[in-house]
Amino acid sequence: EIPNVSFERLNVLALLGNKISFISEKQTKLFPKLHKLDVSQNLLSDVSSLINLTYLSHLDLSQNSITDITPLIHLENLEFLSLSVNHIHSLPDGFTKLRKLKTLDIDHNFFETIPTTICECPLQSINLNGNFIKKIPIEFTKLQTLHMFSIAYNQLTELPSFFSLLSNLNSLDIDHNPLTSISLLASMSISDLVMSDVSFNTLSLHEFVTLTRLRIFGGSIKQVNELPPIKTLYIENIGLKKIESIPECNELSLQTNGLTSIPAVNSAIEVLNLKDNLLTQLPDMYPTLQRLDVTKNLLSELPQLHTSLRFLSISCNNFDSFPNNITQLIHLHYLDLSNNKVISIPSSICNLVELEQLRMSFNYICSLPNELSMLSHLRLLNISHNRLYQLPPYLPFSLRTLLINSNHLICLPSIIKNIHLIEIDISCNQLVSIDYLTAIHSLQSINCSYNDIQTIPKEVFEHKKLERLTVCGKRCSGINKLKKNTVVLMTTKTNNGLYSLPVKRSTITTIKRNDNKSKLIHPCNTICSFGISEWKGNRETMEDCLCVIENLIEHGNHLIVLCDGHGGSETSFYCVSRFKETIEKIFIQKPEVGISNILIQTFLELNKNINICGIKDGSTCLCIFICDKKLYIANTGDCKCLLIKQDGFIQLTVEHRPVIKSEYKRIRENGGYVINDRTNGILALSRSLGDTSIQPILTPTPDIFIREREESDQFLIVACDGVWDFLRNEEVYSIVKKRINSEPSDISSSIRDMAFARGSTDNVSCVVCKF
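Every number in this note's numbering is 740 more than the matching position in the sequence shown, counting from 1.
Take a look at the structure:
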């Protein structure tokens, strides 16, 4: 409620984010000279009292429950009006009275046509995103003062030719419209054009003479003809097989197409992204080029490169040796040669005196040159998944991240004690001791899983900065005194079997066996082995959490839970650490509701308790319950489960993203909206646990999938979006099949690290279950 206090000279009033459901006429008279009013994010449905605020020039009514704005037509001094995210279907005829209106936001309402009354206003900016508009009327040409027009997330199939008559229009966003034709062949004003989900035979924009930025993300375009000189050009994921010529531009991205060759590039290009194509060779590059990314192609050699280059990624190609010309790039800061067939790193690597990151995972390297220690700026070294039996006696003192997992190391060099490492991954080796790590007080993250380590030295837990320790695979002693903020993902052996789950100081004593039984769960002979891999990637914190519980309630029934947190790690940790006790309780107390409903109730119970605890962040949650004859999968969010069979694979989950039609519809019906593929402009998810501030727009209710088990089932792959955003199902299947006789830990590590090799910067977690 608005306080009953008069402010006769007040010009600006902000009341956003309250629970105001009504503004009376008496209250508006308290602010007779008000020029700017923001009552967004409230509960208003009636705006009739605002008619008294005749001085208003700026009015924000977004995110309310308004259906009728007729009273606003009397506010003739309005210059800015936002009605975003309401329940408006039409504008009144009298809207033409707003002769000073310059900015109008009516996005995420329920317009099926563009109200022609807005065409009589001197508008400079219009936002119509997220409506149901199929056509732009000819009356739109009256908007001769229009500079910016955004109509993304609608149902347009054509961009009409009369847009060329809008002589001042310079920014046009038609993203996420199913365009099949562009009748607009020329423009003398548009400088920024965005679109996606298009379907064209030919794209030709050479008469867009003022165009400086063109971004096309997704769809199908068979041929791209002449384009004007441009600063930024993105043509991604449209199935383009050939491009005849490249216009003069500074930044070019042709990522995720089917290109087998590209024509000569121009001398103005500074940034070139050609990743995920079928290129076997590259054209000559100019000295202006600073960033080159050709990840995932078929290259085996490089053209001449120039010392101006700062960033070079040639991972996932066919290089069988370290390209010699790379060692001449004295200003290179980032080099990625992961997933090739390189057998050695030359001693001339020391020439790269400014190198900060060197990524060489998934090669055949048996030893590292001593000259590596001369790279005085090197902060990250990733040499995982190679054939190293030892590290050189000297390493750069500048190192902060050392990733040497999945080799054959039996010990660490003593020099490591003197390096101020922040992160180290030594998992999947043959180490028997990590004593040298006790001297590195700067460590924040240690992964020493799947080694032959029997005891974790107590000094490790005295590191004040230690945030995460991962010791999966076998039980290690010494894990008992944790610092307040340290999370340990550990494997514990009980009478029931192995538990792998995260613990903090407050939960380390709560891992208990439940001897109660449930009428629904019966003993069986399901034999599984599990592999776990996780790493925080380039993120500041690790927000994923996971657990594997063998023999849940009865022998042969197993549970996998994977949570991918966002905005923090409290929700993900709470869900994973409490999942076992919550589901066991419901199994025992309510067996009559059936396993599917028990899974749903577990999710809802966890979500309720998260709200009670006042936890503000959120998390996805994917749960797999494995029993004798069936797999039960419950999923909320965008983690994914893939079943690997002898002759193929089956995706067992559906990702909950706001761009999916059914999820988009549910979001809108619950008062939400989608901006930039994100629910309420915040999350790239449509379901999650937690996120109390935007429930029920985000729902915690999981989808349930049930599948009968078959003899041909071989593996379950459970992973977060940090994997699936960079590896297709077919590629994960290929990784598994190449390692069919490997331990699940080796497979999970390979999947995780291949995602990083493809460019993932997210937290990455993966669980592999082998039947």
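Every residue, glycine too, gets a C-beta built ideally from N, C-alpha and C.
Cβ-Cβ separation between E1294 and I1267: approximately 14 Å, too far for a contact (criterion under 8 Å).
The continuous beta strand (DSSP E) containing Y1074 extends over residues Y1074 to D1076. The alpha-carbon of I1272 is positioned some 10 Å away from that of L1241.
Taking a C-beta distance under 7 Å as the contact criterion, N1037 and N1017 qualify as a contact pair. It is roughly 14 Å from the alpha-carbon of N1145 to the alpha-carbon of I1193.
Contact fails between the region 1328 to 1336 and the region 1386 to 1398, because fewer than three Cβ pairs, one in each stretch, are under 8 Å apart. L1131 is not a Cβ neighbour of P1109, given a cutoff of 7 Å.
Of H916, V1093, L1012 and N751, the smallest CA-CA separation from I1415 is found for H916. A direct Cα-to-Cα measurement between C861 and D808 gives close to 19 Å. Under DSSP, the beta-bridge partners assigned to G1430 are G1358.
The three-state reading of DSSP puts N1013 in strand, counting E and B together. Judged by DSSP in its simplified three-state form, Q1454 adopts strand.
Rounded to the nearest whole angstrom, the CA to CA distance from I1155 to V938 is 56 Å. For E1448, the enclosing beta strand (DSSP E) starts and ends at D1443 to E1448. Residues L1022, I1054, P1063, N1065 and I1066 of the same chain have their beta carbon placed closer than 8 Å to that of L1042, with the five preceding and five following residues left out of the count.
Your pair T857 and T836 checks out as a contact, with CB atoms roughly 5 Å apart and the cut at 8 Å. Comparing alpha-carbon positions, the option among N941, P1086 and L1423 lying closest to M1114 turns out to be P1086. If you ignore the 5 residues before and after L863, its C-beta comes within less than 8 Å of the C-beta of L841, K842, T843, L844, L883, T885 and L886, all in its own chain and listed in chain order. A residue is called buried once 16 or more other Cβ atoms fall within 10 Å of its Cβ, and F1137, having fewer, is exposed. DSSP places A1179 in the helix class (H, G or I) of the three-state scheme. When rounded, the separation of the alpha-carbon atoms in L1229 and T1210 is 5 Å. For I1355 and Y1239, the gap between their C-alpha atoms comes out near 26 Å.
Residue pairing of K776 in beta bridges, as defined by DSSP: V752 and H798. With 16 or more other Cβ atoms inside 10 Å of its own Cβ, I978 counts as buried. Runs of the beta strand (DSSP E) lying entirely within the region 1364 to 1398 and spanning at least 3 residues, in chain order: 1370 to 1376, 1380 to 1385 and 1388 to 1391. With respect to the C-alpha of V1243, the residue from D1076, Y1314 and L994 having the closest C-alpha is Y1314. From the listed residues E816, Y795 and F820, the smallest Cα separation to L801 is found for F820.
In the displayed model, L1128 falls within coil according to three-state DSSP, outside both helix and strand. E1163 is bridged by DSSP to T1141 and S1185. Contact annotation: the region 1480 to 1492 touches the region 1272 to 1284, with at least three C-beta pairs closer than 8 Å. The residue among F1051, S1040, I930 and I956 with its C-alpha nearest the C-alpha of L1029 is F1051. For P1133, the number of other beta carbons within 10 angstroms of its own is below 16, and it is reported as exposed. Secondary structure of V1504 (DSSP, three-state): strand.
According to DSSP, Q1097 shares a beta bridge with Y1074 and L1120.
Listed as beta-bridge partners of Y974 by DSSP are R955 and S993. Here Q803 carries a coil assignment [DSSP, helix/strand/coil].
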